[in-house]
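Chemist: Residue numbers (full-length UniProt numbering), protein chains in the order written: chain W, 1 to 210; chain L, 1 to 210. The beta-carbon is built from N, C-alpha and C at its ideal position, and this holds for glycine as well. I have a structure I would like to understand better, so I am pasting it below and will then ask my questions one at a time.
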DNA sequence: AAAAACAAACACGCAAGCATGTTTTTCGGC
DNA sequence: GCCGAAAAACATGCTTGCGTGTTTGTTTTT
């Protein structure tokens, strides 16, 4: 019993510590919001001291930006995996919507709602966020393009339609904050699914073969 | 030159002061955001002292809630006027979208983006906001219902379609914060206008006469 | 005279940034 | 393969600025 701690390398320690702090940041962002997010709380949540945080991250802005970058990347890679999992004929447009809605509603877009106001009013913060978000949008466009190939529609059409779908979901989730009315949102989502079926998808194999 | 000030009644003074403070609140909410909104700034902007503000409003939350209520009411009454101004045959669905988009994009929804996070994380604030927003949504539904009569479609269909339109616009405006790309948003808006033309409107007089 | 409207000053709490300690890991020389 | 210095990782305490709520004081209307 020389030491219970197995002497980890500094790189491993550092990486683990940063990961814990970034995860705590996203969790608190979702639970309490940006204005109530404090660096002492982040450190506490990660089981570390505030000094550890200031050692790895220059400022509150810095840790938030890096936490959001990680969240956005995890999101696109998850979506990509989903779209690859079952291509064209087995996956219909309803399935895509049924993936996107919970993806956004279970955290992603509530976190977005927290940092959008700060991004709008804090030029430095916005400048740091812009490249991350551009990558995110580019990754989405790439996924919509692959979907268009599966469905046999022009890429441009799929991109516009799916980006509109994302915007619709964003607006709906924003509304959920002050409207607790699941039936209302289900109605809109069903309406949209119907629209997507005729506008994007469900060409029968015979049609797609041509 | 006994007095340049013409001895106004207390009620008139009070009303004017409150109006100036509420207008300053909305303006600053749009310009600097909720977290940067301070009561000294509001008073300064209104050309009054902080004491005047605290005299008329119990707290920062209080003045914000009342300012937002005024903004929401002004919005619905403006929209109602617009829809009454030129009913059915002369007003097409494109015109409605061309009214709604600037209405939201020139301030209303950016202000919304400022207070939504606070509403999500501050139960007291949210509770005060809920009735105002319920009235707002009810007023919108009433307007959509009148539109449905003009266009000769079932009220339910118009309500779902127009509420979806509002959600789409909300989501798009949220995206504008970190995506400066007018062509992208125009493309989506044009796409949606096309959908609305076939889905809601533009039945020819002969058809509507029946 | 009293009550409302407005003004100015005070007090408290909090969170970020910084600076100064302590521990753990790394690495070069022997 | 070991020892000691340097550096990285982590912890603790201080300081400063700021915004809200509150209180006390002054002017205007009733």
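1. If we require 4 or more residues per run, which alpha helix (DSSP H) segments fall completely within the region 105-172 of chain W?
2. Give the secondary structure of residue 177 (chain L) by DSSP, where H, G and I count as helix, E and B as strand, and everything else as coil.
3. Output needed in chain order: residues of the region 103-125 of chain W with a Cβ under 8 Å from some Cβ in chain L.
4. Where does residue 191 (chain L) sit, in a helix, a strand or coil, going by DSSP?
5. So for residue 36 (chain W), helix, strand or coil by DSSP?
6. So what's residue 207 (chain L) in DSSP terms, helix, strand or just coil?
7. Given 8 Å as the limit, is there contact between the region 59-79 of chain W and the region 123-138 of chain W, that is, 3 or more CB pairs closer than that?
8. Can you check whether the C-beta of residue 174 (chain W) is within less than 8 Å of a C-beta belonging to chain L?
9. If you measure from the beta carbon of residue 32 (chain W) to each beta carbon in chain L, is any gap under 8 Å?
10. Does the region 162-174 of chain W come close enough to the region 162-175 of chain L to have 3 or more Cβ pairs within less than 8 Å?
11. For residue 128 (chain L), decide whether its Cβ has a neighbour in chain W, counting only Cβ atoms nearer than 8 Å.
12. Who are the near neighbours of residue 154 (chain W) in its chain, counting only those whose CB is closer than 7 Å to its CB and skipping five residues on each side?
13. Give me the chain W residues within the contact set of residue 164 (chain L), using Cβ-Cβ distance strictly less than 7 Å, ordered along the chain.
14. Could you check if residue 124 (chain W) is buried or exposed, using at least 16 other CB atoms within 10 Å of its CB as the buried criterion?
15. How is residue 91 (chain W) classed by DSSP in three states: helix, strand or coil?
16. At least one CB of chain W closer than 8 Å to the CB of residue 198 (chain L): is that the case?
17. Below 8 Å between beta carbons is the criterion; list the residues of the UniProt domain "HTH tetR-type" (15-75) of chain W that meet it against any residue of chain L, in chain order.
18. Classify residue 49 (chain L) as helix, strand or coil using the three-state DSSP reduction.
19. Name the chain W residues that come within less than 9 Å of residue 78 (chain L), Cβ to Cβ?
20. Kindly say whether residue 152 (chain L), judged by its beta-carbon, lies nearer than 8 Å to any beta-carbon of chain W.
21. By alpha-carbon positions, which one of W:32, W:39, W:142 ends up nearest to residue 57 (chain W)?
22. Could you confirm whether any beta carbon from chain L is found closer than 8 Å to the beta carbon of residue 207 (chain W)?
23. Classify residue 57 (chain L) as helix, strand or coil using the three-state DSSP reduction.
Modeler: Concretely, from the data shown:
1. 109-121, 123-151
2. Three-state DSSP puts residue 177 (chain L) in coil, outside helix and strand.
3. 110, 112, 113, 114, 116, 117, 118, 119, 120, 121
4. Of the three classes helix, strand and coil, the one that applies to residue 191 (chain L) here is helix, per DSSP.
5. coil
6. At residue 207 (chain L), the pLDDT of 49 sits below 50, so the modelled position is not reliable and the matter cannot be decided from this model.
7. yes
8. yes
9. yes
10. yes
11. Not one chain W Cβ lies under 8 Å of residue 128 (chain L).
12. 148
13. Close to residue 164 (chain L), with beta-carbon spacing below 7 Å, are these residues of chain W in chain order: 168, 188, 191, 192.
14. exposed
15. coil
16. no
17. 32, 33, 34, 35, 36
18. coil
19. None at all; the shortest Cβ gap to chain W is about 20 Å.
20. no
21. W:39
22. The predicted position of residue 207 (chain W) is uncertain, since its pLDDT is 48 and thus under 50; no value can be drawn from it.
23. Of the three classes helix, strand and coil, the one that applies to residue 57 (chain L) here is coil, per DSSP.
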